[in-house]
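**Student:** What follows is a structure written as structure tokens; I'll ask about it next.
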Ligand SMILES: [Zn+2]
Ligand SMILES: [Zn+2]
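Right, here's the structure in full:
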């Protein structure tokens, strides 16, 4: 098995995605308790002590909650952009020697990990590409819109974890206060189901792509709705034939895929 991606948790209550590729076992974000991370990894036969690193997309609470325990008790190195470290709350609860600067390119266990900038209301937020031989896995959540840079970064991924945060109608008609709706809908907020679908439709792709729809809002989305919205738009754009097939996976409840 050359690539395995397991979304341990996804959404505004916490995010953590396990990526095993080549000789690297990496967690993208740790926004749930270390205990939940440990349990989630154990369910797929992985011990926390096997983790090479946590790489952080940004400093929001739903991405960093478990870092204190993961660093203090398990000594897992954590890589975040310098600005994210500066803006992060609760850094004093982490083991200082585990806190490292995330460069634009990182090399772990024969795997190249590249960052790319995303548009979100955080300090220097990023998405990730993992490369090993001809396999490419990508993670892009928490983005207000997909810039050309993001599209280029996600192109030709084998496995892609992509945000489908909300249904615009549910959000607009929902109970969130106006300022929060504006934040989510803004260019530095979150990607809607529609926007995720159009991104997938225009993305240069391999023959087969596994796509996790991620960071679904519990309040302003439904798993089935996200799936149907994306499927409908992809079908209307003739995506899904043998030449560029996409398999959509939901991260709620947890799912896993491997190549
Ligand atoms: Zn965020
Ligand atoms: Zn988030």
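Residue numbers (our numbering): 6 to 264.
Glycine included, every Cβ here is placed at the ideal spot set by N, Cα and C.
With DSSP run on the structure shown, which of helix, strand or coil describes residue 119?
**Tutor:** Residue state, collapsed to three classes: strand.
**Student:** May I have all residues whose beta carbon comes closer than 6 Å to any heavy atom of ligand 1, sorted in chain order?
**Tutor:** Residues with a Cβ closer than 6 Å to any heavy atom of ligand 1, in chain order: 63, 65, 125, 127, 147.
**Student:** Which partner residues does residue 188 have in the DSSP bridge list?
**Tutor:** Per DSSP, none; premise fails for residue 188.
**Student:** Cα separation between residue 80 and residue 27?
**Tutor:** If I take the Cα positions, the gap works out to 22 Å.
**Student:** Fully enclosed by the stretch 84 to 157, which alpha helix (DSSP H) runs are 4 residues long or longer?
**Tutor:** You should have 87 to 92.
**Student:** What are the uninterrupted segments assigned as alpha helix (DSSP H) that are 4 or more residues long and contained completely in the stretch 6 to 81, given in chain order?
**Tutor:** You should have 39 to 47, 66 to 69, 72 to 77.
**Student:** Starting from the C-beta of residue 33, find all residues in its chain whose C-beta is less than 7 Å away, skip the five residues before and the five after it, and write them out in chain order.
**Tutor:** 22, 24, 60, 62, 133, 144.
**Student:** Less than 7 Å between the CB of residue 129 and some heavy atom of ligand 2, yes or no?
**Tutor:** No; taking the cut-off as 7 Å, the Cβ of residue 129 has no heavy atom of ligand 2 nearer than that.
**Student:** In whole angstroms, what separates the C-alpha of residue 265 from that of residue 118?
**Tutor:** A query on residue 265 cannot be resolved here, the shown segment of the chain reaching from 6 to 264 and no further.
**Student:** I'd like the span of the alpha helix (DSSP H) that includes residue 249, first residue to last.
**Tutor:** Where residue 249 is concerned, there is no enclosing alpha helix (DSSP H), given that its DSSP letter is neither H nor E.
**Student:** Whole angstroms is fine: what's the gap from residue 189's alpha carbon to residue 221's?
**Tutor:** Roughly 12 Å between the two C-alpha positions.
**Student:** Over the uninterrupted alpha helix (DSSP H) stretch that includes residue 234, give me the two end residues.
**Tutor:** 228 to 241 is the span of the alpha helix (DSSP H), which, as asked, contains residue 234.
**Student:** Rounding to the nearest angstrom, what Cα-Cα distance links residue 267 and residue 153 in this structure?
**Tutor:** Within the shown structure, residues of the chain are numbered from 6 to 264, placing residue 267 beyond reach of any answer.
**Student:** Could you tell me the alpha carbon to alpha carbon distance between residue 128 and residue 194, rounded to whole angstroms?
**Tutor:** Between residue 128 and residue 194, the C-alpha separation is close to 13 Å.
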